[in-house]
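So in our numbering the end of the sequence shown lands on 443, straight run, no missing numbers. Written out below as structure tokens is the structure these notes cover.
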Amino acid sequence: MDLFNAIHRISIFVFALVFKFILQKRKTRRNLPPSPPALPIIGHLHLLKQPVHRTLHQLSQKYGPVLLLDFGNRKVLIVSSASAAEECFTKNDIIFANRPRLLAGKHIGYNYNTIGFAPYGDYWRNLRRLTTMEFFSTSRLAMSASIRQEEVQLLLKELFLASAKKSATVELTSKLIEVVFNMILRMIAGKRYYGKDAVDTEAEEFRDIMREVAEMSGSTVLNDFLPVLQWVDFQGLERKMKKIFKKVDKFLQSLVEEHRMMRKDSTDQCLGSSDASSTGTKTTLIDVMLSLQQTDPEIYTDETIKGVILVMLIAGTETSSTTIEWAMSLLLNHSEVMSKAWSEIADEPHFSYHMNRQKTASFVVITCHVEQCYWRACPGAVLGRKVVGLVLGSLIQSFEWNRVAEGEIDMREGPGLTMPKAEPLVAVCSPRSGMLNLLNAI
Numbered sequence: 002m003d004l005f006n007a008i009h010r011i012s013i014f015v016f017a018l019v020f021k022f023i024l025q026k027r028k029t030r031r032n033l034p035p036s037p038p039a040l041p042i043i044g045h046l047h048l049l050k051q052p053v054h055r056t057l058h059q060l061s062q063k064y065g066p067v068l069l070l071d072f073g074n075r076k077v078l079i080v081s082s083a084s085a086a087e088e089c090f091t092k093n094d095i096i097f098a099n100r101p102r103l104l105a106g107k108h109i110g111y112n113y114n115t116i117g118f119a120p121y122g123d124y125w126r127n128l129r130r131l132t133t134m135e136f137f138s139t140s141r142l143a144m145s146a147s148i149r150q151e152e153v154q155l156l157l158k159e160l161f162l163a164s165a166k167k168s169a170t171v172e173l174t175s176k177l178i179e180v181v182f183n184m185i186l187r188m189i190a191g192k193r194y195y196g197k198d199a200v201d202t203e204a205e206e207f208r209d210i211m212r213e214v215a216e217m218s219g220s221t222v223l224n225d226f227l228p229v230l231q232w233v234d235f236q237g238l239e240r241k242m243k244k245i246f247k248k249v250d251k252f253l254q255s256l257v258e259e260h261r262m263m264r265k266d267s268t269d270q271c272l273g274s275s276d277a278s279s280t281g282t283k284t285t286l287i288d289v290m291l292s293l294q295q296t297d298p299e300i301y302t303d304e305t306i307k308g309v310i311l312v313m314l315i316a317g318t319e320t321s322s323t324t325i326e327w328a329m330s331l332l333l334n335h336s337e338v339m340s341k342a343w344s345e346i347a348d349e350p351h352f353s354y355h356m357n358r359q360k361t362a363s364f365v366v367i368t369c370h371v372e373q374c375y376w377r378a379c380p381g382a383v384l385g386r387k388v389v390g391l392v393l394g395s396l397i398q399s400f401e402w403n404r405v406a407e408g409e410i411d412m413r414e415g416p417g418l419t420m421p422k423a424e425p426l427v428a429v430c431s432p433r434s435g436m437l438n439l440l441n442a443i
């Protein structure tokens, strides 16, 4: 009888616990956003299809502007309305400030020490302040204006030489990456990587590596959501990340050591471009960080410096070059808009080009307008608009562009953080008759 009473009491106790758990779970779920039916263990991962942003958009259309998904062992909040995003990033910005600890941050982001992967705190704020003041400030952007102009002129010269006698077929994707990468690298390290006076034998390989880094940093990696897959290195992703990181790190370390030796030889040497006198800059971003390393070596380690360089190169290159590529693709698919853009440049007196004493060209800048009230501020937005406007405006002003075939440009999206095109953009260009004298003078 005592045994029966004990079992009875234990059963009541267990039932009460289970009942309480169910009630709490239901109560909690009432406060959670809507969510599609999930599968055990993997949650909603089976719903994700490429391109991921399209899938998320379709889900938000079905379940509402705010929904909760389970990506394996991680809960993901999907926000697709301006008002909800504003509430997340203004009223609750501290809550959403931290970054998830993903494999890309560990193996490519210098063990979560880059501005893109570092947790919110003093270290992250210090990195943001550094880049904002020493790379994206108004004075710094003004100093680097000549760098951007020189690189665009070199691009125009290359296109002109290829198309002066007859129309040329151009793979624009690589050209855009090269011109923007050279701009950013010269601002960071005072040297260019692509072109006749650059390291052509390594440039193409490194361009592909940087694209892979950008793709890995923004792709959906199953190993991040199902930790059991990390035990067996599913699909060899970690091994691939480590291999790519070694190449990137070697390149970045060489930049740091090169500047360290220059500073040792002559601390007064002006850096910033192949012609320091024309840039007006006294130091590059690497020089600034090496100076900070002398005063605060524990914070500004080589890993921190390389992490800043890596983020600036990837974020600065991929975002701007991809934006220009999409813009050109749309213009090529809508020739009437391309013609309108060019005619507006030609009709506006203050858009007209001129020659200075050194016979260098000054090209139109097309302003990119965005509804800023719907977007979170980015410290590199001003530089991005300058780069996109200068390159895109110069290409439209200087050359006539046409599709290679009669069919429209392929507008499918590829994987990656910056939503690149699935297929490289190839187009036919020929110099505009009114620009021949100017292009010849470059």
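The beta-carbon is built from N, C-alpha and C at its ideal position, and this holds for glycine as well.
For D303, the enclosing alpha helix (DSSP H) begins and ends at D303 to N334. Rounded to the nearest whole angstrom, the CA to CA distance from L60 to I79 is 9 Å. In this chain, the beta strand (DSSP E) harbouring V427 covers V427 to P432. Per DSSP, the beta-bridge partners of R75 are F72. Counting the other CB atoms within 10 Å of its CB gives C379 a total below 16, which places it among the exposed residues.
By the C-beta criterion, the region 180 to 196 is judged to be in contact with the region 150 to 168, since at least 3 inter-stretch pairs fall below 8 Å.
L104 is a Cβ neighbour of M242, given a cutoff of 8 Å. Between the alpha carbons of V77 and C89 lies a distance of about 13 Å. Around the C-beta of K176, 16 or more other C-beta atoms lie within 10 Å, and the residue is accordingly described as buried. Shown here for A85: same chain residues with a beta carbon closer than 6 Å to its own, the five before and five after excluded, namely P66 and V67 in chain order. If you ignore the 5 residues before and after P228, its C-beta comes within less than 6 Å of no other C-beta in its own chain.
Counting along the chain, no beta strand (DSSP E) covers N438; the unbroken alpha helix (DSSP H) around it starts and ends at L437 to A442. The straight-line gap separating the alpha-carbon atoms of S145 and E159 is approximately 22 Å. In this model, I96 and R433 are separated by some 53 Å (Cα to Cα). Of all C-beta pairs linking the region 309 to 321 to the region 412 to 432, three or more are shorter than 8 Å, placing the two stretches in contact. A distance below 8 Å separates the beta carbons of D411 and A423. Proximity to L69 across E87, A39 and D303 peaks at A39, based on C-alpha coordinates. If you keep only unbroken beta strand (DSSP E) runs of at least 3 residues inside the region 242 to 272, you get nothing at all.
By the Cβ rule, the region 397 to 410 does not count as touching the region 122 to 140, because fewer than three pairs are nearer than 8 Å.
For L142, the closest C-alpha among the options K92, L384 and G122 is that of L384. Within the DSSP bridge table, the entry for L177 names no partner. For N224, the enclosing alpha helix (DSSP H) stretches over residues L223 to F226. If you ignore the 5 residues before and after F226, its C-beta comes within less than 7 Å of the C-beta of L46, F72, G73, N74 and R75, all in its own chain and listed in chain order. Rounded to the nearest angstrom, the gap between the Cα atoms of T285 and S147 is 14 Å. Counting C-beta pairs closer than 8 Å gives fewer than three between the region 288 to 300 and the region 209 to 217, which falls short of the contact rule. In its chain, beyond the 5 residues on either side, D234 have a beta carbon closer than 7 Å to the beta carbon of R240.
The three-state reading of DSSP puts K422 in strand, counting E and B together. Distance between R129 and D94, taken at the CA atoms: about 16 Å. In the DSSP assignment, T170 is bridged to V429. Beta bridge pairing from DSSP links L40 with G44. Here N127 carries a helix assignment [DSSP, helix/strand/coil].
Residue nearest to H58 within the set L48, S81, S164 and G44 is S81 (criterion: CA-CA distance). Assignment of beta-bridge partners to E414 by DSSP yields K422. Counted as a single uninterrupted DSSP element, the alpha helix (DSSP H) harbouring F161 occupies residues A146 to S164. In its chain, beyond the 5 residues on either side, P425 and V427 have a beta carbon closer than 7 Å to the beta carbon of E172. For I325, same chain residues with a beta-carbon under 7 Å away, outside a window of 5 residues either side, are L177, V389, V392 and L393 in chain order.
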